[in-house]
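Participant: To convert, note that position 133 of the sequence shown is 151 in the working numbering; the numbers rise steadily by one, no gaps.
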Amino acid sequence: NFDESIYKAAGGYYDSVLTNLDDNSKKYRATKRKLDNLEDVIKYEDIVQYADSVITLYNMPKDEQLAYFGKHIENLQKEKESAEKKEKDRITDGFAAFKNKWGNRELTDDWRWSDKSRANVIDDIAQNSTGVTDSLSTIGDDEKFSLEYYMNRLPTDITIIDSLKTERNFANYQLGLIYKEKFNENLLAAGKLEDVLASNAEERLILPSKYNLYKIYEEVNSPLKNAMKNDIITNLIK
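#1: Any contact between the stretch 167 to 178 and the stretch 194 to 212? By contact I mean 3 or more CB pairs, one from each, below 8 Å.
#2: What do you get for Val214, buried or exposed, if any count of 16 or more other CB atoms within 10 angstroms of its CB means buried?
#3: Which value, in whole angstroms, describes the spacing of the CA atoms of Ile255 and Ile60?
#4: Between the C-alpha atoms of Lys44 and Tyr32, what's the straight-line distance to the nearest angstrom?
#5: State the start and end residues of the unbroken alpha helix (DSSP H) segment that holds Leu195.
#6: Work out the CA separation of Asn19 and Tyr68 for me, nearest whole Å.
#7: Tell me which same chain residues have a C-beta within less than 8 Å of the C-beta of Glu237, skipping the five on either side of it?
#8: Cα-Cα, which of Leu94, Lys103 and Leu165 is closest to Lys80?
#9: Using the rule of at least 16 other Cβ atoms within 10 Å of the residue's Cβ for burial, across every protein chain shown, is Asn93 buried or exposed?
#10: Specify the secondary structure class of Val72 as computed by DSSP and reduced to three states.
#11: Does the structure place the stretch 174 to 187 close enough to the stretch 102 to 112 that three or more beta carbon pairs sit under 8 Å?
#12: Hey, out of Asn77, Tyr46, Ile73 and Glu161, whose CA is closest to Gln95's CA?
#13: Distance check for Phe116 and Asp182, CA to CA, integer angstroms please.
#14: Ordered along the chain, which non-local residues of its own chain (more than five positions away) have a Cβ less than 8 Å from that of Ile234?
#15: Is DSSP giving Glu22 helix, strand or coil here?
#16: Keeping to the same chain, check which residues put their C-beta closer than 8 Å to that of Asp58; ignore five residues upstream and five downstream.
#17: Could you please give the first and the last residue of the uninterrupted alpha helix (DSSP H) stretch that includes Gly209?
#18: Quick check on the DSSP output: the alpha helix (DSSP H) that includes Pro79 runs from which residue to which?
#19: Measuring alpha carbon to alpha carbon, tell me which residue in Asn42, Asp159, Leu56 and Ala28 is nearest Glu99.
#20: For the alpha helix (DSSP H) containing Ser227, list its first residue and its last residue.
#21: Would the beta-carbon of Tyr62 fall within 8 Å of that of Ala216?
#22: My guess is that Leu53 and Tyr25 are in contact by the Cβ rule of under 8 Å, so how many angstroms apart are they, rounded?
As structure tokens, then:
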């Protein structure tokens with residue numbers, strides 16, 4: 019995952035690896051350093067993804083917003099039905115195997131258990147193992163399957179959107195630096211820095227983004243390097 023630049027997934031694996039290494043070893047320190055960098059990537063990528071999603075939804079006409087959330091609810095309903103079917107099949111298969119093992123013996127209350135408390139534990143496990151996905155598990159079905167629930171949570175205040183744009187631009191800038199300086203991922207770094215410049219970013223991010231882009235273009239001998247150099251010089255003179 020790391021070699022394929024799938025950094026979010028890689029972070030979870032490195033985290034698991036650390037628990038099995040001697041914390042005084044060279045390998046532990048190298049893995050920990052890589053994980054620390056990955057944690058920053060994950061944090062900033064999450065910020066960018068969330069901000070882009072909200073901003074995109076905010077800019078949609080209302081009918082498109084309704085269609086988007088309607089599709090989301092439809093997918094949730096399908097996931098729930100699929101999970102319920104799998105659970106039903108699991109119970110059916112389990113009962114069939116149980117019947118094959120124990121025959122058609124009458125199932126009086128707790129007949130197989132020598133003590134009542136053990137049966138109660140099994141009941142508790144069964145009641146809590148629904149197999150339904152964890153998505154939106156903190157809200158009830160009335161809310162998660164309601165268009166109104168999602169529409170009411172969309173921001174309508176432009177100051178909130180502006181704040182999200184500021185956070186996203188800074189996150190993209192940080193990602194550009196991390197990909198360039200810590201992972202030697204010039205293509206990813208250039209993409210993030212170009213996103214900053216294309217997003218009407220704050221003044222404090224523009225010159226550093228241009229400079230780091232120039233260094234990347236220079237390193238890979240891109241024809242864009244001269245144009246970026248001239249742009250920087252021109253704006254410095256101004």
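By construction, the Cβ of each residue, glycine as well, lies at the ideal position given by its N, Cα and C atoms.
In this text the structure is predicted, and so the values were computed from the model without any measurement.
Facilitator: On the basis of the data shown:
#1: no
#2: The residue you call residue 214 lines up with position 196 of the sequence shown. By the neighbour-count rule (16 or more Cβ atoms within 10 Å), Val214 is buried.
#3: Reading the sequence shown from its first residue, position 237 is the one you call residue 255. Reading the sequence shown from its first residue, position 42 is the one you call residue 60. Straight-line Cα distance between these residues: approximately 38 Å.
#4: As a position in the sequence shown, residue 44 is number 26, starting the count at 1. As a position in the sequence shown, residue 32 is number 14, starting the count at 1. Their backbone Cα atoms lie some 15 Å apart in a straight line.
#5: Residue numbering aside, residue 195 sits at position 177 when the sequence shown is read from its first letter. Element bounds for Leu195: Ile176 to Glu199.
#6: By 1-based counting over the sequence shown, the position of residue 68 is 50. By 1-based counting over the sequence shown, the position of residue 19 is 1. Spanning the two alpha carbons is a distance of roughly 22 Å.
#7: Here residue 237 refers to the residue found at position 219 when the sequence shown is read from its first residue. Result list for Glu237: Asn204, in chain order.
#8: In the sequence shown, the residue the question calls residue 80 occupies position 62. Out of Leu94, Lys103 and Leu165, Leu165 has the C-alpha closest to the C-alpha of Lys80.
#9: Locating residue 93 in the sequence shown gives position 75, where the first residue counts as 1. Classification for Asn93: exposed.
#10: By one-based count along the sequence shown, residue 72 stands at place 54. In this structure, Val72 counts as helix in the three-state DSSP scheme.
#11: no
#12: Taking the first residue of the sequence shown as position 1, residue 95 is located at position 77. Measuring from the Cα of Gln95, the nearest candidate turns out to be Glu161.
#13: Here residue 182 corresponds to residue number 164 of the sequence shown, with the count starting at 1. Here residue 116 corresponds to residue number 98 of the sequence shown, with the count starting at 1. First, the amino acid is wrong: residue 182 is Leu here, not Asp. Taking the straight line joining both Cα atoms gives about 55 Å.
#14: As a working note, residue 234 is residue 216 in the sequence shown. Correct list, in chain order: Lys198, Asn204, Ala207, Ala208, Leu211 and Ser240.
#15: For the purposes of this step, residue 22 is taken as residue 4 along the sequence shown, with counting starting at 1. In this structure, Glu22 counts as coil in the three-state DSSP scheme.
#16: In the sequence shown, residue 58 corresponds to position 40, counting from 1. Answer for Asp58: Gln192 and Ile196, listed in chain order.
#17: To locate residue 209, count along the sequence shown from 1; it is residue 191. Taken as a continuous stretch (DSSP letters only), the alpha helix (DSSP H) holding Gly209 covers Asn204 to Leu215.
#18: Within the sequence shown, the letter at position 61 stands for residue 79. Taken as a continuous stretch (DSSP letters only), Pro79 belongs to no alpha helix (DSSP H), as it is neither H nor E.
#19: Against the sequence shown, residue 99 aligns to sequence position 81. For the residues Asn42, Asp159, Leu56 and Ala28, the minimum Cα distance to Glu99 belongs to Asp159.
#20: Position 209 of the sequence shown, counted from the first residue, corresponds to residue 227. Looking at the DSSP string, the run of the alpha helix (DSSP H) that includes Ser227 is Glu221 to Glu237.
#21: As a position in the sequence shown, residue 62 is number 44, starting the count at 1. As a position in the sequence shown, residue 216 is number 198, starting the count at 1. Not closer than 8 Å, so no.
#22: Taking the sequence shown and counting its residues from 1, the one referred to as residue 53 is at position 35. Taking the sequence shown and counting its residues from 1, the one referred to as residue 25 is at position 7. Rounded, the Cβ-Cβ distance is 11 Å, inconsistent with contact.
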